[in-house]
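In my numbering, the protein residues as written are 515 to 753. All residues carry an ideal CB built from backbone N, CA and C; glycine is no exception. What you are looking at is a predicted structure, and each value in this text was computed from that prediction instead of being measured. Before any comments, here is the structure.
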Amino acid sequence: MLIIPAIDIKDGCVVRYVQGKLDKKIYSRDPTKTARHWVKQGAKLIHVVDLDGAFSGTPKNIDALKQIVKAVDVPIQFGGGMRNLRIIETLLDYGIWRIILGTKAARDRDFLKKSFKKFKDKIIVSIDTKADRILTKGWQSSYGNMDILKFAHNLKGIGFKQVIYTDVLKDGTLKGPNIKGIKNLLRETELSVIASGGISSLSDIRRLKLLEKKGLEGVIIGKALYEGRFTLAEALKLS
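Structure, rendered in structure tokens:
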């Protein structure tokens, strides 16, 4: 199971959100230094999100992203404002390993199909949920009444084999992941899943590890690492 540290960037700084709302605490003013730190601790993949891009619809922290790519030798998956094919292609050319789609994927099926046809496994969709509703635009609004499982099955029908699943009500709370929701998604869709939101302890990681044989491929961890609940090295020992 992959243990994936998260770097959320806003105004050039590393920050964290709580249930989709900005936690004013700044963890670092140097995202590149943070990325190097995670790699030094053993990260094999880093999850980077441009929060300014998620709100505006266009990536805003490209310079910081480029610096991270140049500074570390592990794959970077990047999301936040991925709303057209051109920007996806440009960022892949910069050396990004995989692009994360969110808002546009939920709102535009035609765009989703074109993206998959062009980029295949170089893109992954993040299913961001709150009380079983799909959230878009930096988690600031919900999109209609689309059922989470229906959306996941739509993705599978297009050809996607893996998704990121985030329970926004859990994100940044340090209250544990939504195990029930993760299990349901794995069982009902048979998609490979990377889980995100709520990780608070090594015990949470042990619980998620039990789902690996059912298709849980990895877990994204943010606040627990930044708050020192455990180290990345300790988490990796359980993976």
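Inter-residue distance for Lys664 and Thr680 is about 16 Å (C-alpha atoms, whole angstroms). If you ignore the 5 residues before and after Phe744, its C-beta comes within less than 6 Å of the C-beta of Leu716, all in its own chain and listed in chain order. Beta-carbon to beta-carbon, Ala520 and Ile734 are separated by about 5 Å, close enough to satisfy the 8 Å threshold.
With a cutoff of 8 Å on beta-carbon distance, Val588 and Val553 are scored as near each other. Looking at the DSSP output, Ser710 shares a beta bridge with Thr680, Ile734. According to the DSSP assignment, Thr643 belongs to the beta strand (DSSP E) that extends over 637-644. DSSP places Leu752 within a helical segment (H, G or I) once states are collapsed to three. For Gln591, the secondary structure class from DSSP, reduced to helix, strand or coil, is strand.
For Asp661, there is no enclosing beta strand (DSSP E), as DSSP marks it with neither H nor E. Taking the Cβ atoms as the reference, Cys527 lies roughly 5 Å from Ile540, within the contact range of under 8 Å. Taking all protein chains shown into account, Leu599 has fewer than 16 neighbouring C-beta atoms within 10 Å of its C-beta and is therefore exposed.
DSSP places Pro545 in the uninterrupted alpha helix (DSSP H) bounded by 545-554. Nearest neighbour of Asp607 by Cα position, chosen from Leu615, Gly594, Phe633, Arg597, turns out to be Phe633. Rounded to whole angstroms, the Cβ separation of Leu746 and Leu739 is 6 Å, and the two are in contact under 8 Å. Rounded to the nearest angstrom, the gap between the Cα atoms of Pro691 and Lys644 is 13 Å. By the Cβ neighbour-count rule, Lys524 is buried, with 16 or more other Cβ atoms within 10 Å of its own. Nearest Cα to Ala749 within the set Arg721, Val583, Lys697: Arg721. When Ala578, Asp566, Ile614 are compared, the shortest CA-CA separation from Gly593 is found for Ile614.
Less than 8 Å separates the beta-carbon of Glu731 from that of Met515.
For Asn698, the CB contacts under 8 Å within the same chain, skipping 5 residues up- and downstream, are Leu663 in chain order. Of Gly711, Asp661, Val639, Thr703, the smallest CA-CA separation from Lys689 is found for Gly711. Here Ile610 is actually not in contact with Pro573; their C-beta atoms are around 11 Å apart, not less than 8 Å.
Proximity to Phe674 across Asp635, Ile648, Gly695 peaks at Asp635, based on C-alpha coordinates. As the crow flies, the alpha-carbon of Thr604 is around 20 Å from that of Asp624.
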